[in-house]
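**Q** So the protein lines, in turn, are chains A and B. Residue numbering for the first sequence follows this note's numbering, beginning at 31 and increasing consecutively. Residue numbering for the second sequence follows this note's numbering, beginning at 15 and increasing consecutively. Glycine included, each C-beta is placed from N, C-alpha and C at the ideal position. Quick caveat, the model's predicted, so the values are computed rather than measured. Here it is, the structure in full.
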Amino acid sequence: MEDAEPMVHGAVDDIQRARRIAHGIRKRALELTIKQDGCYLSQALSSAEIFAALYTCVLNIGPSLAPMKPGPFSGVPAPGKHDLGADYNGPRTEDYDRLLLSAAHYAVAVYAALVEVGRMDPEALFEFNQDGSSVEMIGAEHSPGMELTTGSFGQALSQAAGIAWARKLRGEKGCVWVFMSDGEFEEGQTYEAIQAMCFYGLDNMGVYVDVNGQQVDGLTKDVMNIEPLDARIAAFGASVIRVNGHDISALVDAAAVAHPGQPHFILADTNTAEGIPLLEHRKPHLHFVRFKDEAEKAEFVKFRETM
Amino acid sequence: MNTVTNVHMRNLVEFAVDKPEVVVFSGDLTGSTEIKEFKAAYPDRFFSMGMAEQNMMSLAGGMAREGYLPHVHTFAVFMYRRALDQIEMSIAYPNLKVRMFGFLPGITTPGGASHQAINDIGVLRSVPNMTILETGDATDVESVLDIAHQIDGPVYVRMLRKEVSRLFAADDRTLFRKVRRIASGTDLTLVSSGICTEEAMYATAVLRQRGFSVDHYHATTLKPFDDEAVVESAARTRFGVVSMENHTVFGGLGTAVAELLAERGVGAGLTRIGLQDTYSHGASQRYLMKEHGLDSISLVGHIERLTGERFGISEDELSSARLSEFATEGQLEAL
C-alpha cells in the first residue's frame, strides 16, 4: 500500500458483504444455467469476486437511474436515441466512476451483480437470452450495467481510453474502470490500446483482468500463450499488480495502489470452477456450460440446494 | 482549370477555430493528410495515435461518446480495410459523431494495391448509420466539413489532397444529398464522382460541339444517394445512364445509381465505368486512369458503343479541351 490517499476503502463490513455478493452471483448464475439449460457459467464463477469487489468497495458510483425491471430491447442507437444500460451504474457525472465491460460474454456476471447489490430485480435475470429482452446473452450497450458494445474482443480498452482521455481533458475526478478477460490479450488491439494509454499517461484508468487461463478451444497456454502477462503489460509502462482473484481483500487493496502518470492493471488469477467443484472435471472446456443429460443436471440441482 | 493546393489543410483550421470540441487524430500521416497546420494552430486538440489504426478508431469512438468531435485522418485503406470491425462496433453501431477522412482514393496514388482505396465506398455504404461523401474538387473539399458537422452520426469523407482542381465556384457550396448539375442535355445521363468528374467534363464539352448533349451530374453525397434529379434525367434522356467513378463498379456510385433507378422503376440502361472488379498497381494517376478506362477518351468510347455513333474525337482534341494539364509531377508526390 502506498501512502497516497487510497482510491478505495475496504472496511471489514464491506469485505464481508462482498463475499456474500460473490456467493450470490455464483448461485444466481447456476440457477439460470439450470433453468435455461445453458449459460456462460464459468465466466461468472471466475469473476464473481471481481464484480463483488467493484460494486461494494471499488466503484464510486451513484444510485441507479434505471428501472428495477429492465425494459425490452428498444432499438439500435439512432439520431436522438441512445439508451445505455450504464444507467444501472448511476449518473455519468464528473465525480463518479464508470465501469466498462470489455468481455461482453461476462454479461451474466454483471446482471447477477446488479441483482445482488439491489440495482436490478431478481426476476429480471430470467429474461436472460429471451427474445425481445435487453438482458442479452452477450450483452451490448443497451443491456443492464453496460455502456459499450464489446462482444468483438479488444475494442473496449481503446474506447475506455477515449472516454478516460476526454474526462481528463475536462478535469473530471471520476475514474474509468474496465473489466477484461485474459483471452483479450491475444488481440493485437489490446496492445495498441495499452501503448496509447501509457504514452498519454491515462492514470484515471483501472483495469481488472480475469486471468482464468481458459478460452473456447482450451487452456490459453495451449491455444495461444499470453504469459508472462504482468511483465508484458509492465513493459509498456503501465502499473501492474497480480493477485488471487478470489481474495476480495486483495482485489480491493490492489485498486488502492497509487499509480500517478500510469494506467493501472490488476491481474486476477482465477478458477473457472470456483465454488462449484462439480465442474472441475470438465476443464478446460467451460466456455459455455450446458448439461449433457438429465442425470448431470440433477447433480447440479442438488448442488445448488447446498449453496 | 484552376488548381488549389492544400485546401483541406487551411479549411480544417478555419473550421475548427470556433469549435473547441473538434479534435484531430493522426495515424502517423500528419503531413500526408494535411493536418500539419491544425497541429500547429491547436496543439492541445491534436492527438498523435501512431500506426495503430484499430486503437485509433475505437478510441475516437470513446471520445465521441463524451461529446468531442474526433476528425480522424489517415489513408483510407488503413481505416476501412484494417479497422472495419472497429469502425462498425466502436463508431457506427452507437451512431457516434466521428468524422473519418480517407485519403488516397482509388488510383490517385502510385503506392499500389496496398495504398489504393478501391472499394471503400462499397464497404462503408453497407455499414448502417454511415454517411458517405466524396470530394471531386476544391469546393467539395471546402464544403464537406460543414456538411459533416450537421450530421448526427458517423461520416466518411473520401478526400483529395495537395493540388486539387477548382471545378465549381468557391461560393457555390456543395449541398448535402444534392447532385450538382454540370451540364444539361437530352441524349445521355452521366453521373460522375471524385476525380472522374473533371475527366468527364472534358469529354462532354467536345461531345457537345459534335451535337451530342449530355445531362451531367456530379455526386458528392454517396450515401444516402436519393436525389430525384438523377431519376428524372434518366427517365427522359435517349441513351440511358452512364456512371463514372474512381472505385470498383461494385458498391460505389454505379451501384447507388442502379439501386435508385430500379427502386423508382426507371427502365434506363446503365453503363458503369470504374475499376472492373480488379485491384490496381503502382503507377501514375494519369497512366492508371487510362489503363482502367477512367479518362475522357475512354468515356467517349463508351458513349460511341452505346449510341452506335462515331464522333471522331481524338485524344489531342480532348487535351486541348483541358484548361490545364494534370499536374502530373504534383500528383506523383511521395507518400
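(1) Starting from Thr179 of chain A and walking both ways along the alpha helix (DSSP H), at which residues does that stretch end?
(2) For Ser104 of chain A, which three-state DSSP category applies?
(3) Touch check for the region 183-198 of chain B and the region 138-158 of chain B: three-plus C-beta pairs under 8 Å?
(4) Where does Thr122 of chain B land, buried or exposed, given buried means 16+ other C-beta within 10 angstroms?
(5) Let's see if you can read the secondary structure: which residues bound the alpha helix (DSSP H) around Gln283 of chain A?
(6) Looking at chain B, which residues of the region 167-194 of chain A have a Cβ within less than 9 Å of any of its Cβ atoms?
(7) If we define contact as Cβ-Cβ less than 9 Å, is Val273 of chain A a contact residue for chain B?
(8) Give the secondary structure of Ile224 of chain A by DSSP, where H, G and I count as helix, E and B as strand, and everything else as coil.
(9) Where does Asn260 of chain B fall in DSSP's three states?
(10) Count the C-beta pairs between the region 93-113 of chain B and the region 190-201 of chain B that are closer than 8 Å, then say yes if the count reaches three, no if not.
(11) Is the Cβ of Gln219 of chain A closer than 9 Å to any Cβ of chain B?
(12) Quick check on Phe340 of chain B: buried or exposed, where buried means 16 or more other Cβ atoms within 10 Å of its Cβ?
(13) For a minimum of 4 consecutive residues, which ranges assigned as the alpha helix (DSSP H) are wholly contained in the region 49-85 of chain B?
(14) For a test of the three-state rule: what should DSSP assign to Asp309 of chain B, helix, strand or coil?
(15) Alpha carbon to alpha carbon, how far is Val112 of chain B from Asn119 of chain A? Give it in angstroms, no decimals.
(16) Could you check how far apart the C-beta atoms of Val37 of chain B and Ile101 of chain B are, in whole angstroms? I think they sit under 8 Å.
(17) Tell me which same chain residues have a C-beta within less than 6 Å of the C-beta of Leu178 of chain A, skipping the five on either side of it?
(18) Kindly indicate which residue of B:Val263, B:Met71, B:Ile135 and B:Val86 has the alpha-carbon position closest to the one of Ile351 of chain B.
(19) With DSSP as the reference, label Cys205 of chain A as helix, strand or coil.
(20) Find the residues of chain A that neighbour Met77 of chain B, judging by a C-beta separation of less than 8 Å, and give them in chain order.
(21) Report the start-end ranges of each alpha helix (DSSP H) in the region 63-136 of chain A that is 4 residues or longer and not cut off at the edges.
(22) Mind listing the chain A neighbours of Asp99 of chain B? Cutoff is C-beta to C-beta under 7 Å, in chain order.
(23) Please go through the same chain and pick out, in chain order, the residues whose beta-carbon is closer than 6 Å to the beta-carbon of Thr300 of chain A, but skip the five residues on each side of it.
(24) Suppose you measure from the CA of Pro34 of chain B to the CA of Asp58 of chain B; what does that come to, to the nearest Å?
(25) Rounded to a whole number of angstroms, what is the C-alpha to C-alpha distance between Gly68 of chain A and Arg96 of chain B?
(26) Does Asn69 of chain B get closer than 9 Å to chain A when you measure Cβ to Cβ?
(27) If you compare alpha carbons, which of B:Glu323, B:Ser247 and B:His163 is closest to Arg194 of chain B?
(28) Does the beta-carbon of Arg250 of chain B, which I'm using as the reference point, lie nearer than 8 Å to any heavy atom of the ligand FAD?
(29) Evaluate His346 of chain A with the Cβ neighbour count: other Cβ atoms within 10 Å of its Cβ, from every protein chain shown; 16 or more gives buried, anything less gives exposed.
(30) What in chain B is Cβ-close to Val237 of chain A, meaning under 9 Å?
(31) Put Val319 of chain A into one of helix, strand or coil per three-state DSSP.
**A** Reading off the structure:
(1) Counting along the chain, Thr179 of chain A falls outside any alpha helix (DSSP H), and DSSP gives it neither H nor E.
(2) coil
(3) yes
(4) With a 10 Å radius around the Cβ and a threshold of 16 neighbouring Cβ atoms, Thr122 of chain B comes out buried.
(5) Before going on, a small fix: residue 283 of chain A reads as Asp here, not Gln. Note, Asp283 of chain A: alpha helix (DSSP H), Ile278 to Ala285.
(6) Ala170, Glu171, Glu177, Leu178, Thr179, Thr180, Gly181, Ser182, Gly184, Gln185, Ala186, Leu187, Ser188, Gln189, Ala190, Ala191, Gly192, Ile193 and Ala194
(7) no
(8) If DSSP states are grouped into helix, strand and coil, Ile224 of chain A belongs with the helices.
(9) strand
(10) no
(11) yes
(12) Here the model assigns Phe340 of chain B a pLDDT of 41, short of 50, so the residue's position is not dependable, and the following value carries that caveat. Buried, by the Cβ-count rule.
(13) Runs of the alpha helix (DSSP H) spanning 4 or more residues and lying entirely within the region 49-85 of chain B occur at 50-55 and 67-79, in chain order.
(14) coil
(15) 26 Å
(16) About 18 Å separates the two Cβ atoms, so there is no contact after all.
(17) Around Leu178 of chain A: Leu130, Glu171, Ala186 and Gln189.
(18) Outside the displayed span of chain B (15 to 349) sits residue 351 of chain B, for which this structure offers no information.
(19) coil
(20) Gly192, Ile193, Trp195 and Ala196
(21) 71-83
(22) Taking a Cβ-Cβ cut-off of 7 Å, the neighbours of Asp99 of chain B in chain A comprise Ser182, given in sequence order.
(23) Ser76, Asp240, Asn242 and Gly275
(24) 10 Å
(25) Approximately 35 Å between the Cα atoms of the pair.
(26) yes
(27) B:Ser247
(28) What this structure holds is no ligand at all, so the ligand FAD is not there to describe.
(29) Residue 346 of chain A is absent from the model: chain A starts at 31 and stops at 337.
(30) By Cβ distance, chain B contributes nothing, its closest Cβ being about 14 Å from Val237 of chain A, past 9 Å.
(31) strand
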